[in-house]
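Working notes, beginning with the structure itself.
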Amino acid sequence: MKFLYLVITVFVILFIAASEQTAFGIPQGSPSTSENNGIHLNSNALDNKNLIISEGPTIPNPPGTIVITPIYNACVSHNTTSTITNNSVNFPQGNFYKIEVTFFDQYISNPFDDSYVVIVNGVQIMSGNTLELENTSASENVSQYEHIFTEHSSVTISSPQFNPGYASRLSVWFTFYTGNGVPEPNLIIPAFTDIGFPTPKNAFPVNVPIPFNVSKSASVSFPMNITSAYLNLYEQQNGNDEFWYTLQPPFREFRIYINNTLIATVQPYPNIQTGGGDLFLWQPILPIGAVLYPQHVINLNPYLSILRGTKNVTLEVVNDENLWIRVALNFMLFTNNIQNGYGSANVSFHFQNNYHQTPETNLTSESIPFSAQYLNDSEFTNETLSSYGFITNGNELTASTTFKTVKFFANSTEFDPCFNIINNTPFGIGLVYIQHFYLKENIEYVTITKVYATNGNAQMMISETKTIKQEYFQINGTDFEYLIFSPSLIVIGFNVTQIKNTSIMQYQFGNERNLHYNIVDFNYTSKVVTGNGVFAGTLNSENEITSLVYNHAITHKIVLSRSISDHSYTVFYLNEEAINDSLVNRNGSYVYIIVKYFKS
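So for the sequence shown, numbering that gives the first Met the number 0 puts the first residue at 0; every next one is plus one.
This is the structure in structure tokens:
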């Protein structure tokens, strides 16, 4: 099985189109420039000029912006360091309607991808994955973190260079767009910043991964005047289970506790690498890409009554099979000058899991029989988490409820799971594995805020606002892969189809002094991705493809987006073909891209 993961990961190296540099706006071989449209300040930018092979990225300056570049073209490698920090960063102060961070990794010699994080003043604000064998650029709106961008700041970027031969040059810059924005959290408390979870030595002892639970805890001090709150969870996974939906058992989740109260369950994204069974995270699919991992956002309003004083925060990973996981967790808080009054919180959690593995893992030998002709995993999970809480703050009372349901099903079959291309049959052809899965998630948030005024000895309600937000997420997919092998050549073929649907509906009703109003907002997105292709090359003693002799892959993607105001329909076609005995020299082209917008 380990062989399969390595080979499929190698496939992703070959799958990235060179034309993606244009699609992502990735400049190469261009020096940092300051255009006249905006203000560009290097802010004592750290660099390693003596290690630069070519110039770094061009940094744009849009009109009405201030650009800060704390780190520019600094070299990281397996033999030196993987982390760069600048402790003398002066961020601008004022009104900004958007703050954007851009991470740039200039390729030198990384044979595979690696993860990265961006940290400001001890708070992780961005994470993602680099591309393989080419430059990586990713940008994210980080306006919600505006209160950590102080005049005297520290900025860190980290991109582990795991193996000999890994080397790249890192840059990070921040673009501040002047103007008035919406209110953002005025207090941010990091519980964990870029922590790693321990992995037992027997996580993959023989020929099958052994699942385990792992957790970490931290002490966090909360203020007594929180009026609203949410948390951001960043998670990255790598190693043995880049393809964890095909492993045993496929269901996994993160659980977050405050003291002994479960406040959130998070289902990680179906795959967290540039490879694996999730085409939505494969490059060069333009709008989604694994180069940027969006954070999971959890509403904490039902738990405001327990977010007071010093608490123990625990993050647990259920059914981990990984070599490593990188995690960050930030509490995003809105506060005022009035100490909270009384309140309460109640939580109900139900978890049902049916899992069957054939043949079963022998827990003594920590393996399945070497004579096994196939390995089948089938699992169905049903989960509900409901919470209710209220808090008083001055003349306001806020009551919040959250109801979440999760349904998961997966069935995967791997044929000849103990096969090893180096030690086994010198010639052959066969189906590697087939999988099907779906994940369905429904969440409903309800918040009611009542404002009172004192009239003599009585309390009179003067306004009431009720907000209902409904989120629905579904992803389902099928995948099969086949293998042709000989002593000097290996061929991998694949065919994958996945569908991802997301919808958000929000209602707001209110009355204030006999004035009634309602606001409705609706967004729906459907993404369909199909892909098929074949690549061929030769293997070395570590199951790594050392030369590419053929690579042909076609990706077809349709994105349908609807909202209250407009409809959009987007089609992406990508055809990549490379025929070369070099991993670096490839060619690819976009067949065509059609973008259509329909106003409702």
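For each residue, glycine too, the CB sits at the ideal point set by N, CA and C.
Length of the line joining the Cα atoms of residue i and residue j
i    : j    : result
V312 : N258 : 6 Å
M331 : K449 : 23 Å
Y506 : I67  : 39 Å
N318 : E234 : 15 Å
F472 : T401 : 16 Å
Q27  : T101 : For Q27, the pLDDT reaches just 30, beneath the cut-off of 50, and the residue's location in the model is therefore unreliable, although a value from the coordinates is still provided. The straight-line gap from Cα to Cα measures roughly 15 Å.
K598 : K526 : Residue placement at K598 is poorly supported in this model, since its pLDDT is 34, which falls under 50; the coordinates are not used for a value here.
A457 : T446 : 25 Å
S377 : L232 : 28 Å
P248 : P293 : 25 Å
A190 : V219 : 6 Å
N381 : L438 : 10 Å
V207 : S366 : 6 Å
Q272 : R325 : In this prediction, Q272 scores a pLDDT of 38, lower than 50, which makes its location untrustworthy; no coordinate-derived value is stated.
S158 : F379 : 36 Å
A166 : G308 : 45 Å
S126 : D112 : 14 Å
T496 : Q338 : 53 Å
P210 : L374 : 16 Å
P301 : N345 : 8 Å
I284 : E133 : With a pLDDT of only 30 at I284, under the threshold of 50, the placement of this residue in the model should not be trusted, and no figure is reported.
L488 : V533 : 13 Å
P358 : Q372 : 10 Å
A217 : S462 : 39 Å
F389 : T529 : 46 Å
L306 : L261 : 13 Å
E19  : Q105 : Any reading at E19 is ruled out, since the residue's pLDDT is 31, under 50, leaving its predicted position unreliable.
I83  : A73  : 7 Å
N646 : G509 : Since the first residue shown for the chain is 0 and the last is 599, residue 646 is missing from the structure and cannot be characterised.
I187 : L303 : 15 Å
Q266 : G455 : 51 Å
Nearest neighbour of residue i, chosen from the options [CA to CA]
i    : options                : result
E54  : L291, R168, P163       : R168
I433 : S114, Y481, Y229       : Y481
I118 : S364, S216, Y437, N329 : N329
P184 : T155, T79, T334        : T334
S562 : T529, Q92, Y523, A535  : Y523
N120 : I305, G455, S114, I156 : I156
N128 : N441, Y115, N454, A73  : Y115
D520 : F436, I503, A398       : I503
E470 : K403, D478, Q497       : K403
A327 : Q123, T57, F369, F436  : Q123
S214 : T192, N179, Y256       : Y256
T453 : G340, N94, N394, Q143  : N394
S81  : S170, S136, D415, V296 : S170
V141 : N179, E99, S370, H435  : E99
I297 : H355, A228, G93        : A228
F95  : P368, I518, I65        : I65
N- and C-terminal bounds of the beta strand (DSSP E) containing residue i
i    : result
M223 : Looking at the DSSP string, M223 is not in any beta strand (DSSP E), and its letter there is neither H nor E.
G388 : 373-392
K200 : From DSSP, K200 is part of no beta strand (DSSP E); its letter is neither H nor E.
T174 : 166-177
E413 : 395-414
G127 : 122-128
Q351 : 342-357
T192 : 186-195
H146 : Counting along the chain, H146 falls outside any beta strand (DSSP E), and DSSP gives it neither H nor E.
R307 : Segment: none, R307 is in no beta strand (DSSP E) and carries neither H nor E.
S157 : 152-157
L328 : 323-334
H295 : 295-298
V119 : 114-119
N140 : 135-140
I337 : Here I337 belongs to no beta strand (DSSP E), and DSSP marks it neither H nor E.
F95  : 95-106
F253 : 252-257
Rounded distance between the beta-carbons of residue j and residue i, thought under 8 Å
i    : j    : result
K468 : Y444 : 4 Å
L299 : L230 : 6 Å
R254 : E320 : R254 to E320, Cβ: 17 Å. No contact.
I70  : V181 : The Cβ separation is near 29 Å, so there is no contact.
Y341 : T391 : 6 Å
E139 : L291 : 6 Å
Cβ-heavy atom distance, residue i to the ligand ADP, below 7 Å
i   : result
V88 : Inclusion of the ligand ADP in the displayed structure is not the case, the ligand content being empty and no account of it being possible.
C-beta neighbour in chain B for residue i, strict 8 Å
i    : result
L169 : Chain labels in this structure do not include chain B; a single protein chain is all it has.
**Study point:** Any 3 or more C-beta pairs closer than 8 Å across the segment 195-205 and the segment 343-350
**Key:** no
Margin query: If contact is defined by three or more beta carbon pairs under 8 Å, each pair taking one atom from either stretch, is the segment 223-231 in contact with the segment 407-418?
Written below: no
So, does the segment 170-190 touch the segment 146-153, judging by three or more C-beta pairs under 8 Å? yes
Please confirm if the segment 82-95 is in contact with the segment 200-211, defined as three or more CB-CB distances below 8 Å between the two stretches.
no
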